[in-house]
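I have placed the structure first, in the form of structure tokens, so that the comments after it can refer back to it.
2 protein chains.
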Amino acid sequence: MPVSPPAEIGMALVEVDTPALIIDLDVFEANMERMAKAVRAMGVVFRPHAKTHKSADIARAQMSRGAVGVCCQKVTEAEALVDAGITNILVTNEVVGQKKIERLVRLAKRAVLGVCVDNSGNVDSLNDCAAAHDVRLDTLVEINVGSARCGVSPGPAAVALAKQVASSSHLSFGGLQAYHGRAQHIRKFEERRLAIESAASQVRETMTQLAAEDIVCARVTGAGTGTWQFEGASGIYTELQAGSYLFMDADYGQNEDGDDEWSHGFGHSLFVYSTVMSLPDPARVVVDAGLKSMAFDSGMPVVADDPSTEYARPSDEHGNLQLSASSKRYTLGDKVRLIPGHCDPTVNLHDWYVGVRAQQVEALWPVTARGALF
Amino acid sequence: MPVSPPAEIGMALVEVDTPALIIDLDVFEANMERMAKAVRAMGVVFRPHAKTHKSADIARAQMSRGAVGVCCQKVTEAEALVDAGITNILVTNEVVGQKKIERLVRLAKRAVLGVCVDNSGNVDSLNDCAAAHDVRLDTLVEINVGSARCGVSPGPAAVALAKQVASSSHLSFGGLQAYHGRAQHIRKFEERRLAIESAASQVRETMTQLAAEDIVCARVTGAGTGTWQFEGASGIYTELQAGSYLFMDADYGQNEDGDDEWSHGFGHSLFVYSTVMSLPDPARVVVDAGLKSMAFDSGMPVVADDPSTEYARPSDEHGNLQLSASSKRYTLGDKVRLIPGHCDPTVNLHDWYVGVRAQQVEALWPVTARGALF
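Chains as they are written, first to last, in my numbering: chain A, 608 to 981; chain B, 608 to 981.
Here you go:
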């Protein structure tokens, strides 16, 4: 069931079939360079999250600019990237169930792999499977620093789990996973800063308790596009996982920047390209991109080149552009760039990236791990 | 990039990897039989919408129970189904842009195909391309009967477009597409009935005007799972397009049934199967199905076998089950069936259906047209 690409290299942008996932390569590369420069200046390891892009080509572009490897969220996502040549991956998630654990352990024979835990029984399951396959698994303890998703509490619960990992025959304690997901989309800069200050202090306290038990915590990993400058400057986090900085979805665009060195300058580089397919009335045109080509969990997409026009009322394969007096005039067949509200689940709806520079298609990259759900 | 299936035939349900799209085959078949019986009784043609299931296997199951063919929303969706042997398809949508029109016209050489129009320039484009390929295209005029999406106004505008179609050298006027999408999710039965009464009367008036111009309108097609019994009984609609009746998403489950013969009895047959992957606190467990395995545009999924537990706060690969005093007790690795809020965009996130009967995997069907966006 492979879906053929919506474009050919060399084609003019306006010839690209729609809906399609397009990347403005100039902005995309500037975003990568900017982040590479920042993490070098901060002296931290950069391991961007590949759940954003799911692409081996993009992972390679990040690694050529200094990223040590990537993060994945799912075992099959990691498998797809390893198959495509990306062999340094941290699974920033718990892996539960015998089948998934088997796949993870087999993958650890082919890649530098890490995994997270937050449950004692799961630590035993991982160790049993690793022992059966004679593999040593790098295992990080996930702590809940404010996101209230997965993770054990910082402090004694984390220390107990780290001790169990460290004493397991086929696991190595690889450090702490301390991602504060909820902090990423807090609008106010100062509130985001405070959230990460709190997270870092919970990590610090846990590290102190680990040290008291003679457990070395060599790595503290976390951070996202909303907060990475704080983790990077914390002196606590050693590794940053930001991913969305590449594309900058419409939601991240609503975060208030600070006056720090790194807040500004990341641009929207990812768009869903769509066609005006119906002109039902003077106040409205219909485009061919809806629920099956964009994610709406973080709000409506933004019309990139016409801010006075609003995208509204999506259905599966349609969306409405509500026109105002200052909107562009649209005719049938016009192509429109939409900035998705949330890039990660939008990318997962597409099989191809179309890389564009100077209105021309320069690259076609498969979404390597599209649909890698398990 | 084909994704391998999450199950094998013969496997116990609990062994299926997650997140996975599972079908309760007993309920699914009962839904199909019930609809087949209804449309037979009504004496209308049944052409279910394949944008719901995107599956050649399911299209065949519907056609073996009397469906004349299926509807598609996209040219590539139709291509995928034609390639898989389903050769009677109505594209219930406008096809705009030279590339898409070319594909449509080429497909019309391999299948009994219809397409919709709502624009005079588009009629010319279709005719030019059909002429170039020496194909005759069955072309329906879409009228807006209340949905305010695509479609021309009923009455004179529709008649003018039908005349243009009928006088085009390589197009045949195939009738009226009159789908009232907005009516489908009106909660009150009587309000849905009135909405379709209004739609049918707009169609009737348009047909009268067509007849006055000696244009034969042989087909009026439309209807969805929320209203099909009204179109079926209208004496105006000749063909029904309902699709979601197969699966019955959580949103349709909230529509108020009437006391008519056909309102009751369609059951939820489609589930996203998920695993409890973290037990962070006594009031909450985390499952491995989130924004990348379910659609949330029509609300949260419903926990199928535990109504006192609520799914909440999805992220890309996680969701939270909020437990109450009467919730089940969950342990790590437990599997949970979730009823998606909206089936169509949920199906499009998966590559495989896992058909289950008596807790055992009986069928594995590819989502044939998954990701067929163009």
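Glycine included, each C-beta is placed from N, C-alpha and C at the ideal position. Given the structure is predicted, the values throughout are model-derived calculations rather than measurements.
- Among the residues of the region 798-824 of chain B, none has a Cβ less than 8 angstroms away from any Cβ of chain A.
- In the structure shown, R743 (chain B) falls within a coil segment according to DSSP collapsed to helix, strand and coil.
- Boundaries of the alpha helix (DSSP H) around G839 (chain B): 835-840.
- In this model, V909 (chain B) and S922 (chain B) are separated by some 16 angstroms (Cα to Cα).
- Among the CB atoms of chain A, one or more fall inside 7 angstroms of the CB of C757 (chain B).
- Here the C-alpha atom of D864 (chain A) lies approximately 14 angstroms from the C-alpha atom of A790 (chain A).
- Counting only the Cα atoms, V623 (chain A) lies some 14 angstroms from A965 (chain A).
- Counting other Cβ atoms within 10 Å of its Cβ, D895 (chain B) reaches 16 or more and is therefore classed as buried.
- Under the 8 angstroms Cβ criterion, the region 821-829 of chain B does not count as touching the region 634-649 of chain B, having fewer than three qualifying pairs.
- Contact annotation, R799 (chain A) with G833 (chain A): C-beta distance approximately 6 angstroms; criterion of less than 8 angstroms satisfied.
- Contacts with chain A at 7 angstroms (Cβ-Cβ) include F903 (chain B).
- In this structure the region 626-639 of chain A does not touch the region 814-828 of chain A; the number of beta carbon pairs closer than 8 angstroms is below three.
- Per DSSP, C950 (chain A) is one residue of the alpha helix (DSSP H) stretching across 950-954.
- Assignment of beta-bridge partners to L697 (chain B) by DSSP yields B:C678, B:G721.
- By the Cβ rule, the region 722-732 of chain A counts as touching the region 749-764 of chain A, because three or more pairs are nearer than 8 angstroms.
- The residues D913, S915, T916, in chain order, have a CB closer than 7 angstroms to that of S934 (chain A) in the same chain once the five nearest residues on each side in sequence are set aside.
- Linking Y852 (chain A) to A663 (chain A) through their CA atoms gives a straight-line distance of about 17 angstroms.
- G692 (chain B) and A637 (chain A) have their C-alpha atoms some 47 angstroms from each other.
- Per DSSP, V646 (chain A) is one residue of the alpha helix (DSSP H) stretching across 632-649.
- Within the region 869-883 of chain B, contact with chain A at the beta-carbon level (separation under 8 angstroms) is assigned to T882, V883.
- If one requires a minimum length of 3 residues, the beta strand (DSSP E) runs lying completely within the region 833-895 of chain A are 877-888, 891-894, in chain order.
- With 16 or more neighbouring CB atoms inside 10 Å of its own CB, G948 (chain A) falls in the buried class.
- Closest by C-alpha distance to L714 (chain B), out of B:A755, B:V893, B:C736, is B:C736.
- Sorting A:T975, A:A685, A:Q836 by C-alpha distance to the C-alpha of G650 (chain A) places A:Q836 at the top.
- Our two residues, T694 (chain B) and L720 (chain B), have alpha carbons roughly 8 angstroms apart in a direct line.
- Contact between the region 967-979 of chain B and the region 674-691 of chain B is established, with three or more Cβ pairs separated by less than 8 angstroms.
- Less than 7 angstroms separates the beta-carbon of G874 (chain B) from that of V634 (chain B).
- The Cβ atoms of V698 (chain A) and A687 (chain A) lie no closer than 7 angstroms to each other.
- With respect to S876 (chain A), F854 (chain A) sits close: the two C-beta atoms are nearer than 7 angstroms.
- Chain-order list of chain A residues neighbouring L980 (chain B): P626, K899, S900, by C-beta distance under 7 angstroms.
- E924 (chain B) is a Cβ neighbour of K899 (chain B), given a cutoff of 7 angstroms.
- Between the beta-carbon of V968 (chain A) and that of G617 (chain A) there is about 6 angstroms, and that keeps the pair under the 8 angstroms contact cut.
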